[in-house]
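Peer 1: Have a look at this one before I ask anything.
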Amino acid sequence: MEVICDRTSRTLRTALNPPSWLKGKYMAVRYEDLVDNPIKTLRLVYRFVNLTANHDIESFAMNMTSGTSSSSKPFIVSARNATQAASAWRTLLSIQRNKTSRRLLSPLNGFAWIRARKNSW
190 MEVICDRTSR TLRTALNPPS WLKGKYMAVR YEDLVDNPIK TLRLVYRFVN
240 LTANHDIESF AMNMTSGTSS SSKPFIVSAR NATQAASAWR TLLSIQRNKT
290 SRRLLSPLNG FAWIRARKNS W
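Here's what the structure looks like:
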């Protein structure tokens, strides 16, 4: 868990303060933004990479993130309630692991909501 949190934190810090060779070539996308508003987020990504939005992919994203089911098997691809899945770690992890996750990911707190809102998401 520490390795994943550390790598995520380092990647995000690099994305938010990129070296010159990376500026304008990298877009950080929060999973929460994708599941809360898949069409808007996909269109932002398409615009970033200079492509036209694709209706079939948008329909697929809506289907995959708006399902009513949930699963205890996180690596099975199926339509599910993605908003619920995005926050499942808060309720499924033990209290100790939850606290550890929050501590390890605390450097990302500023990005979680404030940074995304500043970037007009």
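Following the working numbering, the residues of the sequence shown are numbered contiguously, the last one being 310. All residues carry an ideal CB built from backbone N, CA and C; glycine is no exception.
Measure how close the beta-carbons of residue 131 and residue 290 come, nearest whole angstrom, since I'm counting them as under 8 angstroms.
Peer 2: Residue 131 falls outside the range modelled here, since the chain spans only 190 to 310, and no answer is possible.
Peer 1: Taking only three categories from DSSP, how would you classify residue 198?
Peer 2: Note: residue 198 maps to helix in three-state DSSP.
Peer 1: Three or more beta-carbon pairs under 8 angstroms between the region 202 to 212 and the region 220 to 238, yes or no?
Peer 2: Output reads no: the region 220 to 238 does not touch the region 202 to 212.
Peer 1: Below 8 angstroms on the Cβ atoms is my guess for residue 237 versus residue 216; work out the distance and round it to an integer in Å.
Peer 2: So it is a contact: roughly 5 angstroms between Cβ atoms.
Peer 1: If I measure Cβ to Cβ from residue 234 and keep anything under 8 angstroms in the same chain, skipping five residues before and after, which residues do I get?
Peer 2: Contacts found: 216 and 218.
Peer 1: On the criterion of 16 or more Cβ atoms from any shown chain inside 10 Å, does residue 205 qualify as buried, or is it exposed?
Peer 2: When all chains shown are included, residue 205 counts as exposed.
Peer 1: Please classify residue 203 as buried or exposed, where buried requires at least 16 neighbouring CB atoms within 10 angstroms.
Peer 2: When all chains shown are included, residue 203 counts as exposed.
Peer 1: Along the alpha helix (DSSP H) that carries residue 209, what are the first and last residues, could you check?
Peer 2: Per DSSP, residue 209 belongs to no alpha helix (DSSP H) and is neither H nor E.
Peer 1: Look at the alpha carbon of residue 293 and the alpha carbon of residue 221, and state the distance between them as a whole number of angstroms.
Peer 2: Each residue's Cα considered, the two are about 18 angstroms apart.
Peer 1: Is residue 248 helix, strand or coil when you go by DSSP?
Peer 2: The answer is helix: DSSP assigns residue 248 an H, G or I state.
Peer 1: If you reduce the DSSP assignment to three classes, tell me which class residue 290 lands in.
Peer 2: Helix at residue 290.
Peer 1: Give me the Cα-Cα distance between residue 309 and residue 232, rounded to the nearest whole angstrom.
Peer 2: Low confidence applies here, because residue 309 scores a pLDDT of 40, under 50, leaving its location unreliable; read the following figure in that light. One C-alpha to the other measures close to 13 angstroms.
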